[in-house]
Every structure is written in C-alpha cells, then in structure tokens.
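So for the sequence shown, the working numbering puts the first residue at 4; every next one is plus one.
Yeah, the Cβ is synthetic: ideal placement off N, Cα and C, and Gly gets one too.
Note that this is a predicted model, so its numbers are computed, not measured.
Quick notes on the structure that follows.
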Amino acid sequence: MSRKLNLTIRRYNSFEEMKADEYKYWQQQPAHVRMDVVEELTREAFFGLRDLPPNESRLQRTLCHIKR
C-alpha cells in the first residue's frame, strides 16, 4: 500500500516570523496532540541522553516542600 507524503516547505524573512508561525501551528493543534508530543520529547531526552532502555528499573526520587 503506498502512502502519499504531504510536505509543506515555507520560507521566512526573519527568525521572528518563523517562530510566530510555529507558535500559531502549535496553538491550532488539539491539547491531546500537544501532550503526546511533550511526552515523546521528554522520553527521547531522558532515555536518549542517558542510553537507558525505557523499561529499565531505576531509583525513584520523592520531592517534598518544607515551609520555613
């Protein structure tokens, strides 16, 4: 089964114009799509930078806030 690849190439006059378009694009995406991308990038950064398999057991840290 062949799938058609739909790519769009845009040319920008400035970095600010590119960032504004990128921001607009992500605002148009539904929340669940944005959350999926955040999860994917987080996993990629955590496991990719540390060369760990995603299912490896590791120590868990507990955070607590102490009022002064």
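Close beta carbons around residue i, own chain, < 8 Å, minus the five adjacent residues each side
i     : result
TRP29 : ARG37
Cα-Cα separation between residue i and residue j, rounded to whole angstroms
i     : j     : result
ILE69 : ALA48 : 30 Å
LYS7  : GLN32 : 22 Å
SER17 : TYR26 : 14 Å
ASP39 : LEU10 : 21 Å
ARG46 : ARG13 : 29 Å
TYR15 : GLU42 : 29 Å
LEU44 : ARG71 : 36 Å
GLY51 : GLU20 : 31 Å
Contacts around residue i, its chain only, beta-carbon distance under 6 Å, and the 5 residues preceding and following it disregarded
i     : result
LYS22 : none
Terminal residues of the alpha helix (DSSP H) in which residue i lies
i     : result
LYS27 : 18–31
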